[in-house]
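Residue numbers (the numbering used here): 1317 to 1829.
Every residue, glycine too, gets a C-beta built ideally from N, C-alpha and C.
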């Protein structure tokens, strides 16, 4: 196996550095202003103290995990001016309500086209009440229906997913939607780009969206312009600007391809060569994906249109893209794509994981590149293990980010002590984001087991129950365990005092990473 050869690429790193320095200057200026005002007037100093107390009380009363509250509370109490300033900028005035309001307006229009077939839900209730309760949670709290007439193919190797995507893209007749966190001008994307440009010339509507921060190291600003010049409608989600706007903290981490509203792809992979086994920056790359054909693609289409309209400020009910007639499939099982976003109080993806942990009876397996979890998630996994469920977590053997890897490993000891089994994928980096419960229910998509993914990013996932693809996921888990080193006993035996202190400090600020 050869390591990835480093080469110069035209990217936007200088722009990102300029933006970061500009934001630091603006934040620093605001803090200095507040400090000077405090020195100038005892009343202003008193007001700052009162506001700090109010902020701490507000944090304490919030309906969110304690892990998200404590770093802010400690920062405000230890450094009132700096802590209060950052809290007001990020948590109170960060979104100013406008982005959340626009998102809810767009979603309400689109979800009018997403309706739940009562026969499908009744059949799910009759076959498995626990699975129906999970689906009811997603339907009533996120607005995404559960479907039946959908063929699902699972890819344990994303090189296979790429080849299937290319074949389906060649067959597009009406429209193509693509949305990714990372896009890189590499061989894999060039192959896709040639197809997209050719289909655009044939009259197919092609839309492409990528996240600015996610792709900042791989493409420059003229990348989007060149795609538009080639007939591909391209937009950049939430561009980094040198103006204080804490909405920039929220990134579009979704990975979606929709073809004619009939075929859809999602999973953990981005559009860069390492995801498809063409380069090896961190050893062998493990990632997974799904292909769906049938009714469930409607929700994937709505998820794309939601982010497209948020980014471009267009507004429509997406009628011609969502009112697609699907041929009835003989596929068994239930499929429920769903989205998650940081502008709502409901933490949908995390709650799905918590529900699966609470309902598990025999087995509960996870793959995740990062393990930075709340106390609630840690408790749910631990309680499941204590009641006899075989709980296992696969994390990377070779890290892509050493600091986050250190935080990930800081969670091992606590989980291992409660009976959770920890495995590291020794061939390289495991980027897959999926969970299988009792061999019959799967959650797969873009949501990592970490704070940034579950609390700060826009994500999309798919819940599968009793589909043929579930068996393929189970088989892939078993194969992957064979490529892992179990480290449970190593971390169950305890840690040195210095290491415990260091890991406590890492975990204290993990929610802010």
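- Closest option to residue 1483, judged by alpha-carbon separation, among 1457, 1497, 1510: 1510.
- With distances taken between CA atoms, residue 1607 lies nearest to 1784 out of 1366, 1370, 1369, 1784.
- DSSP, reduced to helix, strand and coil, places residue 1721 within a helical segment of the structure shown.
- Linking residue 1752 to residue 1450 through their CA atoms gives a straight-line distance of about 14 Å.
- Restricting attention to 1491, 1598, 1602, the CA atom closest to the CA of residue 1578 is found in 1491.
- Between the alpha carbons of residue 1373 and residue 1574 lies a gap of roughly 45 Å.
- Residues 1619, 1776 of the same chain have their beta carbon placed closer than 6 Å to that of residue 1655, with the five preceding and five following residues left out of the count.
- Here DSSP, grouped into helix, strand and coil, assigns residue 1566 to coil.
- By a beta-carbon distance limit of 8 Å, residue 1566 contacts residue 1554. Their separation comes to about 7 Å.
- Comparing alpha-carbon positions, the option among 1750, 1381, 1690 lying closest to residue 1708 turns out to be 1750.
- A contact is defined here as three or more CB-CB pairs under 8 Å, and the stretch 1752-1769 fails this definition with respect to the stretch 1541-1553.
- Between the stretch 1468-1484 and the stretch 1628-1641 there are fewer than three inter-stretch CB-CB distances shorter than 8 Å, so the stretches are not counted as touching.
- For residue 1617, no beta strand (DSSP E) encloses it; the enclosing alpha helix (DSSP H) starts and ends at 1613-1628.
- Taking the C-beta atoms as reference points, residue 1705 is found no nearer than 8 Å to residue 1684.
- Under the three-state reduction of DSSP output, residue 1783 falls in the coil class, being neither helix nor strand.
- Per the DSSP secondary-structure output, residue 1461 pairs with nothing in a beta bridge.
- Listed in chain order, the beta strand (DSSP E) elements of length 3 or more contained wholly in the stretch 1497-1557 are 1521-1527, 1549-1553.
- In this structure, 1437 is the residue among 1536, 1437, 1716, 1801 with its C-alpha nearest to the C-alpha of residue 1461.
- Rounded to the nearest whole angstrom, the C-alpha separation of residue 1364 and residue 1400 is 8 Å.
- With distances taken between CA atoms, residue 1500 lies nearest to 1589 out of 1542, 1333, 1589, 1428.
- In chain order, 1463, 1465, 1466, 1642 place their CB closer than 6 Å to the CB of residue 1611, counting only its own chain and leaving out the 5 sequence neighbours on each side.
- Note on geometry: alpha-carbon atoms of residue 1418 and residue 1526 lie some 20 Å from one another.
- Counting C-beta atoms within 10 angstroms of its own C-beta, residue 1495 has 16 or more neighbours from the protein chains shown and is therefore classed as buried.
- Scanning its chain for C-beta atoms nearer than 6 Å, with the 5 sequence neighbours on each side dropped, one finds around residue 1498 the residues 1530, 1531, 1586, 1588, in chain order.
- Between the stretch 1739-1750 and the stretch 1683-1703 there are three or more inter-stretch CB-CB distances shorter than 8 Å, so the stretches are counted as touching.
- Judged by DSSP secondary structure, residue 1694 falls outside any beta strand (DSSP E) and instead within the alpha helix (DSSP H) spanning 1691-1702.
- As computed with DSSP, residue 1608 is found in a beta bridge with 1468, 1580.
- Taking 8 Å as the cut-off, the beta carbon of residue 1458 is found no closer than this to the beta carbon of residue 1626.
- For residue 1469 and residue 1580, the gap between their C-alpha atoms comes out near 11 Å.
- Here residue 1806 is exposed. Its C-beta has fewer than 16 other C-beta atoms within 10 Å.
- Distance from the CA of residue 1444 to the CA of residue 1790, rounded to the nearest whole angstrom, comes to 19 Å.
- Rounded to whole angstroms, residue 1787 and residue 1330 show a C-alpha spacing of 46 Å.
- For residue 1731, the CB contacts under 7 Å within the same chain, skipping 5 residues up- and downstream, are 1694, 1697, 1698, 1738 in chain order.
- Residue state for residue 1714 is assigned as coil, using DSSP reduced to three classes.
- Straight-line measurement puts the Cα of residue 1599 at about 40 Å from the Cα of residue 1455.
- If you ignore the 5 residues before and after residue 1375, its C-beta comes within less than 6 Å of the C-beta of 1385, 1388, 1389, all in its own chain and listed in chain order.
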